[in-house]
Structures are given as structure tokens and as C-alpha cells.
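In the numbering used here, the protein residues as written are 1 to 182.
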């Protein structure tokens, strides 16, 4: 009887491992494809008309600041592609310092908002201060984690790699990854 339960348990574990491996394979393939396609996405601006207004199924967009939709698209893609790659890096990074990637992500988001701000003629001064709350939280927290690691190194006989493994967070799915940040 115990052997049958043992065999069925082994089969269940083997089936679960196959499902996890398939799921990881699909997610990894999507991420790899996304990264591999970015050079092609960066040339999308060439297919946008070089006019001041563009009539799409979303509506008509008129570029006042850039005076050319193609230049606006080129400028936006120069910010969106690195932002996308930083997001992939942050959600796939397993190191203890991955939260600090939020600082360049916030910077690129700010720059994208500025691009639209210039084009739509909203004016506000000192918008760089919007990044200060992100940096005020992230930089000290990363420094404190680093200090904890080096305190443990001094107290114990562990290597830096062993301590990094100890601090590493391994979420099981996308929503758990999101929950770690908030």
C-alpha cells in the first residue's frame, strides 16, 4: 500500500515538475522573443508619416512641439525600449540589489512624460523632483541591505555568494513578483 502511495506521489511530483518546466519555458521564450525583437521595434518610427498630424483609428494626433509625428515616435521609442528592457531585467533579476533598478525605470517614465508634456504644452518647473521620493526610498534601503550583508560577512564565515543566495527572493509567479515591490 505504501509503495502505491509512494509511486503516485512520485508521479504527481513528476507531473508538477513537467508543468513548471513548461510554464518556465513559455515565459522564458516570451521574454527572449521580446528582447530579440527590440532592434526591429526601434525601427517602427520609419513607418510613421512625417507629417504634423496623423489620423489613426485612435483619433487624430497633432504634434505641436516636434512638428513631425515621425520625430515624436523616434524620440518616444528611444525611451520606451530601454524602459521595457529595464522592466524585464527587474522582473527577472534574482540579486539582492534588484530594487535599485526602479531608479532608472522612474527616470525613463519621467522622460516619457516630459516628451508628451513638451508636445501637449503643459508646463511645470522642477519636475525632476518627482524622482526624489523614489530615490529617497530606494537608495537608503539598498545601502541598508548592503550593510547587513557586510555585517554578516564580518560575523560569519560565509562568502559573498552564499549571503547573496540568502537574500535572494524567488517569486513563484508574476503576481508574487509584483507583490514583493509593494
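Using N, Cα and C, we set each Cβ at its ideal position, and we do this for glycine too.
Beta carbon of residue i nearer than 7 Å to that of residue j
i, j, result
"residue 186", "residue 53", "Coverage of the chain is limited to positions 1 through 182, which leaves residue 186 absent and any answer about it impossible."
"residue 104", "residue 87", "no"
"residue 138", "residue 95", "no"
"residue 108", "residue 77", "no"
"residue 115", "residue 75", "yes"
"residue 41", "residue 69", "no"
"residue 79", "residue 31", "no"
Buried versus exposed call for residue i [16 or more other C-beta atoms within 10 Å across all chains shown]
i, result
"residue 33", "exposed"
"residue 132", "exposed"
"residue 25", "exposed"
"residue 55", "exposed"
"residue 141", "exposed"
"residue 73", "buried"
Helix, strand or coil at residue i [DSSP, three-state]
i, result
"residue 42", "coil"
"residue 55", "strand"
"residue 65", "coil"
"residue 37", "helix"
"residue 134", "helix"
"residue 48", "coil"
Candidates the options, of which the one nearest residue i by Cα
i, options, result
"residue 106", "63, 136, 22 and 26", "136"
"residue 81", "161, 56 and 38", "38"
"residue 89", "129, 28, 143 and 161", "28"
"residue 64", "97, 117 and 58", "117"
"residue 101", "46, 134, 57 and 113", "134"
"residue 62", "129, 119 and 144", "119"
"residue 146", "22, 97, 91 and 93", "97"
"residue 71", "91, 57, 50 and 58", "50"
Residue-level contact to chain C via CB, residue i, 7 Å cutoff
i, result
"residue 46", "As a matter of chain content, chain C is missing from the structure shown, which is built from one protein chain."
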